[in-house]
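The structure appears below as structure tokens.
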Amino acid sequence: MTSRTELANAIRALSMDAVQKAKSGHPGAPMGMADIAEVLWNDFLQHNPTNPDWANRDRFVLSNGHGSMLLYSLLHLTGYELPMEELKNFRQLHSKTPGHPEYGYAPGIETTTGPLGQGISNAVGMAIAEKALAGQFNRDGHHVIDHYTYTFLGDGCLMEGISHETCSLAGTLGLGKLIAFWDDNGISIDGHVEGWFTDDTPKRFESYGWHVVRDVDGHDPEAIAKAVREARSVNDKPSMICCKTVIGYGSPNLCGSHDCHGAPLGDEEIQATRDNLGWKHAPFEIPNDIYAGWDGKEKGAALESDWNSKFAVYKAAHPELAAELERRLKGDLPADWQAKSEDFVNAVATKGETIATRKASYNAITAFAAALPEFMGGSADLAGSNLTKWSDAVAVSNTVTDGNYLHYGVREFGMSAIMNGIALHGGFIPFGGTFLMFSEYARNALRMAALMKIQSIFVYTHDSIGLGEDGPTHQPVEQTATLRMIPNMSVWRPCDAVESAVAWKSAVENKTGPSSLIFSRQNLDHQNRDATKLANIAKGGYILKDGSGSPDAIIIATGSEVALAVAAADQLTASGKNIRVVSMPSVDTFEAQDDAYRESVLPSGVTARVVVEAGVTASWYKYAGLNGKVIGLDRFGESAPAGELFNYFGFTTDNVVKAVESVF
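Residue numbers are given in my numbering: position 323 of the sequence shown equals residue 1797, and the series is strictly consecutive.
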């Protein structure tokens, strides 16, 4: 019978060989964590290599994603569709084995990791999703949602501030199905960590409310298995298993050193490692008995078959619940979604309220939450300002498992990464709110959502100098523009309640990436529209006001500045000019329309253009053109009432009129 050590050595061999062939990579962590991975994947992990999307699988997250060859080796050895050629192609163009694990490339990759601390944070989100989904759907005698989230992490993840944010919340929420393995090897890129990382990590996690298993020998399979069993026996707390390991284990000259952290071992050291481990096989050669020891297909198929039988019994007992769970796990919207959402948009248009768009957002959330039980809302300690908590929302807690709202606390970055984990898990559409300015804290999680093309909805209020007296520390200037720069991120800055409703509808229907919805603190005037204009909001940019024939000039505006553009157009029209006002709540959505539509809204022959937005100006010149003007804000704000600030910075009807007159 193949020994555990031999099975783990297969990971070590594949990892060092792939890194060597690529001439780059991180062999140290895979070699150091191979024994832990072998025990977890062979003895505990509930998964099916032939169906990586099985709903009740355990989730495995490699938070220290630089050790990606550990995960690729595991997927290959256990029978996922990741052939040896892909391992040989490690870090090469268009391979399924990029330098860091990327969601959507290889089957079995649950999330994109690499920016340290975000993997563990995604794992917290997955564990929250499992807990809430189980609370909403499990019934007595029918535990159809019942799986663990396991994550590997290293010293770097623990040093990143986001790990404090999310692990603290995980303890508070009592996520008993979350188990983390700390690769305590004392090494980071710069060397031995005692010069910059001397936290008492076990005490830290105990203070968060975690169950901690201390001083586990990460190279002793029996000790590892015992620790996992202990962690799984604690169901009211997440668990941290502290594993003492040697980075680059098996390498006789480089193990225990940062020299094997992020560089190939070299041909001579690889041969010495083979000799040291007793691994007598050529590079990328895995004997049949090793494959047999790792193969998880038969066991995985049996696990899924058993679950399918349980689900069939559940479905017979609770047919409506089962149908709803199936719909949500598929990511399908309710059959009546289109009708209900369109009815809401039409009702908002008919009502014609002049309200703050954050209030309009609240109204949309309230209406859509009644139609979308998959909503999982939240706010980073600003629910009363973001207006993300609707009246029927139920907060998830350590005792409430069937909720649909999360109090994230002052944790903007953590909130955003947790939302990503919830989205990746499935069964929910997560959204979370903060002030637009504090999107800066969360920026890398937003980028990761966009990179993975997942449906996280980021709600940002207090969108400009219009927030007033809190001053430039809280007044966004460059944030909307830089959000628009993120590939795959859909950004909406609506001008009134109607556009706000359409923005929310678009975000709910956007299954190919995240959305950022940007709302005002101050009241914004309702804009009148006919049916065509109302329908065209969903195209991201449309003609809100127009004269007859070809326009003399076009004013483009977003958000609170649209009303300003309309007022200026009215004044110019009175003096005999034909002025078109284009509202552009979503630039990326407008740019996704066909050439004919975009030309109909912004005819290329009309070069007299003015853009108005209370933010940085640079990106708008693509629409204003060389002959046009942009009225914006290329400096930080001031502390004063909103009305005074708009006047002070030139956001007035007269200033817009003068700008338009100057471009004729």
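All C-beta atoms, glycine included, are put in the ideal place defined by N, C-alpha and C.
- [ ] Please state whether DSSP places L1991 in a helix, a strand or coil.
- [x] strand
Discussion item. Measuring only the C-alpha atoms, how far is A1454 from V1972?
Written reply: Residue numbering for the chain in the displayed model covers 1475 to 2138; residue 1454 lies beyond these limits and cannot be assessed.
Check your understanding: Per DSSP, what kind of secondary structure is R2054 in: helix, strand or coil?
Key -> The DSSP-derived three-state label of R2054 is strand.
Worksheet item: Apart from the five residues just before and just after Q1610, which ones in its own chain have a Cβ nearer than 7 Å to its Cβ?
Response: Once the five neighbours on either side are set aside, the close Cβ partners of Q1610 are D1876.
Taking S2074 as the reference, which of N2010, G2102 and T2047 has the closest Cα? N2010
Quick check on this structure: which residue in W1670, F1909 and V1720 has the alpha carbon closest to the alpha carbon of G1630? W1670
Which same chain residues end up closer than 8 Å to D2062 when comparing Cβ atoms and leaving out the 5 residues on each side of it in sequence?
R1958, M1963, S1964, V1965 and G2014
Using the rule of at least 16 other Cβ atoms within 10 Å of the residue's Cβ for burial, across every protein chain shown, is R2109 buried or exposed?
exposed
### Message
Can you confirm whether the region 1538 to 1554 touches the region 1568 to 1586 when touching is taken to mean that 3 or more C-beta pairs between the two stretches lie within less than 8 Å?
### Response
yes
message = Looking only at its chain, what residues have a beta carbon closer than 7 Å to the beta carbon of R1921, apart from the 5 residues adjacent to it on each side?
response = Answer for R1921: I1960, listed in chain order.
Let me know the secondary structure DSSP gives A1843 once reduced to three states. Reduced to three states, the DSSP call for A1843 is helix.
* Along the chain, where does the beta strand (DSSP E) that runs through I1903 open and close? -> I1903 to F1909
Please check the pair A1981 and I1931, which I expect to be a contact at CB under 8 Å, by giving their CB distance rounded to whole angstroms. 5 Å
- Task: Would you identify the three-state DSSP class for H1500, choosing helix, strand or coil?
- Result: coil
Check your understanding: Cβ of N1538 within 9 Å of Cβ of L1777?
Key -> no
- Query: Excluding the five sequence neighbours on either side, which residues of its own chain have a C-beta within less than 6 Å of the C-beta of S2034, listed in chain order?
  - Reply: G1940, S1994 and L1998
Check for me: the beta strand (DSSP E) holding H1540 runs from which residue to which? Here H1540 belongs to no beta strand (DSSP E), and DSSP marks it neither H nor E.
Label P2115 either buried or exposed according to how many other C-beta atoms from any shown protein chain fall within 10 Å of its C-beta, with 16 as the threshold for buried. exposed
**Q.** Where R1678 sits in the DSSP three-state scheme
**A.** Correct three-state label for R1678: helix.
Is any heavy atom in the ligand ADP found nearer than 8 Å to the beta carbon of P1695? The model on display carries no ligand, and the ligand ADP is accordingly not part of it.
inquiry  = I'd like to know whether the C-beta atoms of V2086 and G2106 end up nearer to each other than 9 Å.
reply    = yes
For the beta strand (DSSP E) holding F1626, just list the boundary residues, first then last. T1623 to G1628
What is the rounded straight-line gap between the Cα of N1872 and the Cα of A1511? 29 Å
Whole-angstrom Cβ separation of N1750 and G1724, contact assumed at under 8 Å?
-> 6 Å
Q | F1785 beta carbon less than 9 Å from that of Y1622 | A | no
Problem - Three-way DSSP call (helix, strand, coil) for A1654 in this model - result: strand
Alpha carbon to alpha carbon, how far is T1675 from K2007? Give it in angstroms, no decimals. 58 Å
- Message: Taking the alpha-carbon of S1990 as reference, which of S1974, S2093, E1704 and K1814 has the nearest alpha-carbon?
- Response: When only C-alpha atoms are compared, the closest one is S1974.
_Considering only the alpha carbon of each residue, which of G1858, S1865 and G2099 lies closest to A1843?_
S1865
Beta-carbon spacing of F1655, L1632 below 9 Å: no
| message | Whole angstroms are fine: how far does the CA of L1803 sit from the CA of T1625? | response | 22 Å
*G1736 versus E2118 - alpha carbon distance*: 55 Å
Kindly indicate which three-state DSSP category N2129 falls into: helix, strand or coil? Looking at N2129 - three-state DSSP - the assignment turns out to be helix.
Return the bridge partner residues of V1874 from the DSSP annotation.
-> BP columns for V1874 are empty, so no partner.
Practice problem: Out of H1550, L1567 and A1603, state which residue places its alpha-carbon closest to the alpha-carbon of K1767. | Solution: Inspection of the sequence shows that residue 1767 is occupied by Gly rather than by Lys. Closest by alpha carbon: H1550.
*Excluding the five sequence neighbours on either side, which residues of its own chain have a C-beta within less than 6 Å of the C-beta of S1815, listed in chain order?*
K1979
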